[in-house]
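For the sequence shown, counting from 1, position 392 maps to 392 in the UniProt record's numbering; every step adds exactly one.
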Amino acid sequence: VGIIFQEFSLIPYLNAYENIFLNREKVNRFGLLDRKAMRREALRIFKDLGVTLDPDEQICHLSVAEQQFVEIAKALSLDARILILDEPTATLTPSEAEHLFRVMRDLKAKGVGMFFISHHLEEIYEICDSLSILRDGKYIGSAKVDNIDIAEMIQMMVGREVENIYPERRTLAHDEILLEAEIQLTESSQLNRLTLRKGEILGLAGLVGSGRSEAILALTGADKCFKKRVRLAGKEVTIKSTDRALRLGIGLLPESRKTQGLVLPFSVKDNIWLNKHACQFSLIRDNEERLTAERLINHVGVKTPDAGTAVGTLSGGNQQKVVISRWLNHDVNILIFDEPTRGIDVGAKSEIYQIMRDLTAEGISIIMISSELPEVIGVSDRVMVFRDGNIVAELENDQINSTVIMLHAAGNII
């Protein structure tokens with residue numbers, strides 16, 4: 001049995017074949033490492049998988065998808081007949097995910113059985129023959145994929161019917177522009193104008209590498225750009241760091257909450273107060289911090305035994321709620337969600353979407369970057385589409401649909 005965890009167990013500065021044979025290296029008759037034999041065997045496994053990888057390449061220089069194939073090769077080198085893949089597509093592009101599925105189909109044809117753990121329901125229909133559903137650590141039921149529809153699957157997963165996981169849009173009370181930004185990522189790209197209204201959810205769509213995340217990192221001072229000009233509530237401001245952005249009321253929920261958004265061994269309370277200490281250098285007032293943390297936990301619905309629980313023990317959805325709580329502790333006016341529901345189950349997704357909508361009702365404005373088109377369409381009040389570092393379309397109302405977004409993102413003019 002081979003297990004490919006969501007968090008890879010590879011050593012970044014060893015090469016591919018060294019990782020495949022780690023702790024069971026091949027040796028020659030003199031007891032020395034037989035690197036040629038390990039390299040040859042790694043190449044054979046890669047060929048069987050139908051992937052082109054250099055076994056001498058360091059892991060840190062490989063893409064996430066390529067690292068995943070190294071993990072699979074590592075399991076197959078042990079003659080594994082059963083593979084357990086935990087959220088294997090969570091950080092893959094659509095083309096990388098399709099490549100993985102081709103490899104999985106080839107392995108299936110060779111008699112390898114696979115457990116495929118995923119929150120992406122459409123992937124279950126694409127790659128699986130049957131499914132089993134767990135909820136709160138308990139077995140709920142099993143079915144053939146052909147014999148169950150998405151509505152039934154969701155009901156089994158969340159324990160209730162979810163007719164629409166996206167909350168109803170509300171009409172903006174006014175068209176007050178809270179944020180205006182002119183951003184030129186590179187000398188060769190255009191000067192893009194991005195606006196955000198008070199109380200709206202602005203979705204940023206585009207293919208991977210389109211510049212949507214880069215534009216937001218530049219806006220918040222996390223990354224540099226060729227040219228930038230920002231007006232906040234009608235006043236021109238300078239943002240050269242994320243600390244400055246936070247002082248101006250702009251909070252960023254990063255794409256990787258585990259490595260960039262949270263300190264996993266720390267408690268829920270300490271994570272909620274983390275940046276405030278860093279920003280203000282205030283003395284620690286433990287009782288006040290605990291009461292504030294408990295209030296925010298209740299406000300966003302974090303499911304945790306108490307505020308002292310280590311945040312690393314919580315589910316992905318509850319971890320994301322802790323990050324949201326931290327920024328609410330700063331009284332932010334603008335929240336930026338980068339891939340807000342990555343690695344989160346459908347029930348928790350619905351809760352995150354409702355939190356986002358509730359925050360806009362409180363006057364907070366939201367920018368959402370997402371690779372999931374249904375999410376962009378279902379949550380956004382307005383959508384800006386990026387391609388090659390430029391904003392190529394601004395869509396509202398009936399214009400917000402998958403066909404229009406993808407045509408602009410892919411470079412076709414409507």
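For every residue, glycine included, the Cβ atom is placed at its ideal position computed from N, Cα and C.
Item to check | Nearest neighbour of Q354, chosen from P265, K321, F69 and R326 [CA to CA] | outcome: Within the sequence shown, numbered from 1, the residue matching residue 354 stands at position 354. The shortest Cα separation from Q354 among P265, K321, F69 and R326 belongs to K321.
Checklist entry - So what does DSSP say about S267, is it helix, strand or coil? => result Looking up residue 267 in the sequence shown gives position 267. Strand at S267.
Checklist entry - Counting pairs of Cβ atoms below 8 Å between the stretch 350-367 and the stretch 385-396, do you hit three or more? => result no
Next on the checklist: Counting C-beta neighbours from all protein chains within 10 Å, is the total for G316 16 or more, i.e. buried, or is it exposed?
Outcome noted: On the sequence shown, position 316 is the one that residue 316 refers to. Burial state of G316 is buried, judged by a 10 Å Cβ sphere holding 16 or more other Cβ atoms.
Next on the checklist: Quick check on the DSSP output: the beta strand (DSSP E) that includes G301 runs from which residue to which?
Outcome noted: The residue labelled residue 301 in the question sits at position 301 within the sequence shown. Note, G301: premise wrong, no beta strand (DSSP E); not H, not E.
Next on the checklist: With a threshold of 7 Å on Cβ separation, who are the neighbours of A307 within its own chain once the five nearest residues in sequence on each side are excluded?
Outcome noted: Taking the sequence shown and counting its residues from 1, one reaches residue 307 at position 307. So the list reads S267, V268, K269, R290, A293, E294 and I297, once near-sequence residues are dropped.
Checklist entry - Just how far apart, CA to CA, sit L10 and R342? => result As a position in the sequence shown, residue 10 is number 10, starting the count at 1. As a position in the sequence shown, residue 342 is number 342, starting the count at 1. Going from the Cα of L10 to the Cα of R342 covers about 22 Å.
Item to check | Closest by C-alpha distance to H99, when choosing among I82, A109 and A65 | outcome: The residue you call residue 99 lines up with position 99 of the sequence shown. Residue A65 is the option with its Cα nearest to H99.
Item to check | Buried versus exposed call for I4 [16 or more other C-beta atoms within 10 Å across all chains shown] | outcome: Reading the sequence shown from its first residue, position 4 is the one you call residue 4. Counting Cβ neighbours within 10 Å, I4 comes out buried, since at least 16 surround it.
Checklist entry - When burial is assigned at 16 or more other CB atoms within 10 Å of the CB, is S241 buried or exposed? => result Start at 1 with the first residue of the sequence shown, and residue 241 comes out as number 241. Classification of S241: exposed, given that the 10 Å Cβ count is below 16.
Checklist entry - Taking Cβ positions, are N329 and I377 nearer each other than 8 Å? => result As a working note, residue 329 is residue 329 in the sequence shown. As a working note, residue 377 is residue 377 in the sequence shown. Taking 8 Å as the Cβ cut-off, N329 and I377 do not qualify as a contacting pair.
Checklist entry - Between the C-alpha atoms of N333 and L76, what's the straight-line distance to the nearest angstrom? => result Here residue 333 is taken as the residue at index 333 of the sequence shown, counted from 1. Here residue 76 is taken as the residue at index 76 of the sequence shown, counted from 1. Using only the alpha carbons, I get a separation of about 50 Å.
Item to check | Three CB pairs or more closer than 8 Å across the stretch 83-96 and the stretch 44-60 | outcome: Result no; under three Cβ-Cβ pairs closer than 8 Å.
Item to check | C279 versus R244: straight-line alpha-carbon distance, rounded | outcome: As a working note, residue 279 is residue 279 in the sequence shown. As a working note, residue 244 is residue 244 in the sequence shown. Low confidence applies here, because C279 scores a pLDDT of 44, under 50, leaving its location unreliable and the question unanswered by this model.
Next on the checklist: I'd like the ranges of any beta strand (DSSP E) spanning at least 3 consecutive residues and lying wholly in the stretch 156-222.
Outcome noted: 177-184, 192-197 and 201-205
Item to check | Cβ contact check for the stretch 177-188 and the stretch 217-234: 3 or more pairs under 8 Å | outcome: Enough Cβ pairs lie closer than 8 Å, so yes.
Checklist entry - Near I84, which residues of its chain fall below 6 Å by C-beta distance, leaving aside the five closest residues on each side in sequence? => result Against the sequence shown, residue 84 aligns to sequence position 84. Excluding positions up to five away in sequence, the list reads I3 and F115.
Checklist entry - What is the DSSP secondary structure of residue 415, counted as helix, strand or coil? => result Outside the shown range of the chain (1 to 414) lies residue 415, about which nothing can therefore be said.
Item to check | Local Cβ density within 10 Å of L262, reported as buried at 16 or more and exposed below that | outcome: For the purposes of this step, residue 262 is identified with residue 262 of the sequence shown, where counting begins at 1. Burial call: buried.
Checklist entry - Could you give the distance in angstroms between the alpha-carbon of E396 and the alpha-carbon of V383? => result Counting from one through the sequence shown, the residue named residue 396 turns up at place 396. Counting from one through the sequence shown, the residue named residue 383 turns up at place 383. Approximately 7 Å, taken between the alpha carbons.
Checklist entry - Going by beta carbon distance, what residues of the same chain come within less than 6 Å of V51, once the five residues before and after it are set aside? => result Sequence index remark: in the sequence shown, residue 51 carries index 51 (1-based). F69, listed in sequence order.
Item to check | Distance between beta carbons of H119 and I344, contact taken as under 8 Å | outcome: The residue given as residue 344 occupies position 344 in the sequence shown. The residue given as residue 119 occupies position 119 in the sequence shown. Going by Cβ atoms, the distance from I344 to H119 rounds to 6 Å, so yes, they are a contact pair.
Checklist entry - Taking just the CA atoms, how far does V323 sit from M299? => result Sequence index remark: in the sequence shown, residue 299 carries index 299 (1-based). Sequence index remark: in the sequence shown, residue 323 carries index 323 (1-based). Correcting the residue identity first, residue 299 is His in this sequence and not Met. If I take the Cα positions, the gap works out to 13 Å.
Next on the checklist: Which runs of the beta strand (DSSP E) at least 3 residues long sit entirely within the stretch 21-48? Give them in chain order.
Outcome noted: none
Checklist entry - First and last residue of the alpha helix (DSSP H) that includes A65? => result In the sequence shown, residue 65 corresponds to position 65, counting from 1. A65 -> alpha helix (DSSP H) spans V64 to L76.
Item to check | Selected residue, minimal CA-CA separation from I150, among E126, R170, K138 and L33 | outcome: By one-based count along the sequence shown, residue 150 stands at place 150. Checking every option, the nearest Cα to that of I150 belongs to E126.
Item to check | Check whether I336 and L207 have beta carbons under 8 Å apart | outcome: On the sequence shown, residue 336 is found 336 positions in, with the first residue counted as 1. On the sequence shown, residue 207 is found 207 positions in, with the first residue counted as 1. No, they are not a contact pair.
Checklist entry - CB-CB under 8 Å to I364, same chain, minus the five flanking residues each way: which ones, in chain order? => result Here residue 364 corresponds to residue number 364 of the sequence shown, with the count starting at 1. Annotation for I364: G199, V332, N333, I334 and L335 place their beta carbon closer than 8 Å to its own, counting only its chain and skipping 5 residues before and after.
Checklist entry - How is the beta strand (DSSP E) around N397 delimited, first residue to last? => result For the purposes of this step, residue 397 is taken as the residue at position 397 of the sequence shown. Element bounds for N397: n/a, residue is neither H nor E.
Next on the checklist: Tell me the residue span of the beta strand (DSSP E) that contains Y125.
Outcome noted: By one-based count along the sequence shown, residue 125 stands at place 125. Counting along the chain, Y125 falls outside any beta strand (DSSP E), though it belongs to the alpha helix (DSSP H) covering L121 to I127.
Next on the checklist: Relative to the C-alpha of K26, which candidate in T171, V311 and L78 has its C-alpha closest?
Outcome noted: In the sequence shown, the residue the question calls residue 26 occupies position 26. Residue L78 is the option with its Cα nearest to K26.
Item to check | Simplified DSSP state of A278, which is helix, strand or coil | outcome: Position 278 of the sequence shown, counting from 1, holds the residue named residue 278. Confidence is the limiting factor: at A278 the pLDDT is only 42, short of 50, which leaves the residue's position unreliable, though a coordinate-based value still follows. Here A278 sits in helix by DSSP.
Checklist entry - Roughly how many angstroms lie between the CA atoms of A73 and L131, to the nearest whole one? => result By 1-based counting over the sequence shown, the position of residue 73 is 73. By 1-based counting over the sequence shown, the position of residue 131 is 131. When rounded, the distance between both Cα atoms is 25 Å.
Next on the checklist: Using DSSP's beta-bridge definition, name the partner residues of V230.
Outcome noted: The residue you call residue 230 lines up with position 230 of the sequence shown. According to DSSP, V230 bridges with A181 and V237.
Checklist entry - Considering K144, what are the terminal residues of the alpha helix (DSSP H) in which it resides? => result For this step, residue 144 is matched to residue 144 along the sequence shown. Per DSSP, K144 belongs to no alpha helix (DSSP H); it is in the beta strand (DSSP E), K138 to K144.
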